[in-house]
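Quick mapping for you: the protein sequence lines, in order, are chains A and B. In this text, residue positions in the first sequence follow the numbering used here: the first is -14, and each later residue adds one. In this text, residue positions in the second sequence follow the numbering used here: the first is -14, and each later residue adds one. Data block below; observations after.
2 protein chains.
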Amino acid sequence: MAIAGMTIGEAAARTQCTPATIRYYEEIGLLRLVGRGANGRRAYGQPELHRLRFIRRCRDLGFPIEDVRALLDVMDAKTPSCLSARDLTLTHLNTVRARRDELEALERTLTAMAASCTEACASGATPDCTLMEELSG
Amino acid sequence: MAIAGMTIGEAAARTQCTPATIRYYEEIGLLRLVGRGANGRRAYGQPELHRLRFIRRCRDLGFPIEDVRALLDVMDAKTPSCLSARDLTLTHLNTVRARRDELEALERTLTAMAASCTEACASGATPDCTLMEELSG
DNA sequence: GCTTGCTCTTCAAGTTACTTGAGGAGTTAC
DNA sequence: GTAACTCCTCAAGTAACTTGAAGAGCAAGC
């Protein structure tokens, strides 16, 4: 069976990572060192795939690496308690909300800027256009 | 008057930058080299302040440095045309919108995850909690 | 005149989360 | 056998600054 002893390339394909990313996660200690075949190549099994998918999912959710590390610790605990994971999630959620608010404000400003230029300069640039002034603060 | 010949610290205070950031902008060529006093220290005047505020405003609006460089080129042009500035603005706006959409989706997912844990674990962690499973993908 | 403390100078390295590239070797397909 | 992959390691590059080290100027107070 090919299940026990996947190459890094296979593991990558099954977890939406790249081989380089997997090596990187190993280097920073998110992934334990895996066994090597006689040829010196890394060999991955199901537990590593599961861990990689977990990491990948957390990253897709925008958790920074250090949060992922903490979430992995929760997962690894003998009796995993979701409570600290929930705390991390809520804290992260606040960050996401704050950032989204910023982007919404940005969007309004940029939209207004572009619109004012479009109006003033419908038929070629005019001195009435305030776009550059708005960029001057 | 103190206007011609501000130190980097004064210029920084008046533009919401830090001295290190100003030196950095000089290093990457957003800011021209300014004159130095007999003591070898940089001396800033009004034109530099204006340019710094422009840069700062663009950065606050989320434009990447290379866009700022292009916007400065527009500002520096003999007959500044806002049209390419508007193009940059619209392109940037699309990026902002896309990112905001991502963050909104993230927000929904994270909110649902935290809520499901809060419900299941109102009185201490329970095995019903699916938070960790949701993180496993 | 001297010390204290703030600001200035340069240059190098650290930050986040990877990606890219170089150089070399093993493996697979034909 | 050889071409085309994939793997290995190690180093450097990315964005936009920030932080730190080492050295020197300058203003205020004693």
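Cβ coordinates follow ideal geometry from the N, Cα and C atoms, glycine included. Note that the coordinates shown come from a computational prediction; the quantities given were computed from them, not determined experimentally.
If you compare alpha carbons, which of the options is closest to residue i?
| i | options | result |
| --- | --- | --- |
| residue 50 (chain A) | A:96, A:63 and A:9 | A:9 |
| residue 103 (chain B) | B:90, B:117 and B:91 | B:117 |
| residue 4 (chain B) | B:34, B:24 and B:23 | B:34 |
| residue 43 (chain B) | A:38, A:105 and A:94 | A:94 |
| residue 70 (chain A) | B:36, B:96, B:23 and B:83 | B:96 |
| residue -10 (chain A) | A:2, A:32, A:6 and A:1 | A:32 |
| residue -7 (chain B) | B:25, B:29 and B:63 | B:29 |
| residue 36 (chain A) | A:99, A:54 and A:76 | A:54 |
| residue 26 (chain A) | A:0, A:-5 and A:56 | A:-5 |
| residue 52 (chain A) | A:73, A:67, A:66 and A:45 | A:73 |
| residue 59 (chain B) | B:40, B:80 and B:6 | B:40 |
| residue 105 (chain A) | B:67, B:-1, B:62 and B:76 | B:67 |
| residue 81 (chain B) | A:101, A:92, A:122 and A:107 | A:92 |
| residue 90 (chain B) | A:46, A:23 and A:7 | A:46 |
| residue 57 (chain B) | B:24, B:83, B:14 and B:76 | B:14 |
What do you get for residue i, buried or exposed, if any count of 16 or more other CB atoms within 10 angstroms of its CB means buried?
| i | result |
| --- | --- |
| residue 113 (chain A) | exposed |
| residue 78 (chain A) | buried |
| residue 12 (chain B) | exposed |
| residue 16 (chain B) | buried |
| residue 21 (chain B) | exposed |
| residue 18 (chain A) | exposed |
| residue -3 (chain B) | buried |
| residue 64 (chain B) | exposed |
| residue 99 (chain A) | buried |
| residue 0 (chain B) | buried |
I'd like the span of the alpha helix (DSSP H) that includes residue i, first residue to last.
| i | result |
| --- | --- |
| residue 24 (chain B) | Counting along the chain, residue 24 (chain B) falls outside any alpha helix (DSSP H), and DSSP gives it neither H nor E. |
| residue 120 (chain B) | 116 to 120 |
| residue 39 (chain B) | 31 to 45 |
| residue 28 (chain B) | No alpha helix (DSSP H) holds residue 28 (chain B); DSSP gives it neither H nor E. |
| residue 67 (chain B) | 67 to 105 |
| residue 123 (chain A) | Outside the shown range of chain A (-14 to 122) lies residue 123 (chain A), about which nothing can therefore be said. |
| residue 4 (chain B) | 4 to 12 |
Can you tell me which of the three DSSP states residue i falls into?
| i | result |
| --- | --- |
| residue 62 (chain B) | coil |
| residue 52 (chain A) | helix |
| residue 57 (chain A) | helix |
| residue 112 (chain A) | coil |
Closer than 8 Å, Cβ to any Cβ of chain B: which residues of the region 4 to 26 of chain A, in chain order?
none
Using a beta-carbon distance cut-off of less than 8 Å, what residues from the region 31 to 65 of chain A approach chain B?
35, 38, 39, 41, 42, 43, 46, 47, 56, 59, 60 and 65
Beta carbons nearer than 9 Å to chain A: which residues of the region 78 to 104 of chain B have them?
78, 81, 82, 84, 85, 87, 88, 89, 91, 92, 94, 95, 96, 98, 99, 102 and 103
Select from the region 105 to 122 of chain A all residues with a C-beta closer than 7 Å to any C-beta belonging to chain B, and list them in chain order.
106, 110, 114, 116, 117, 120, 121 and 122
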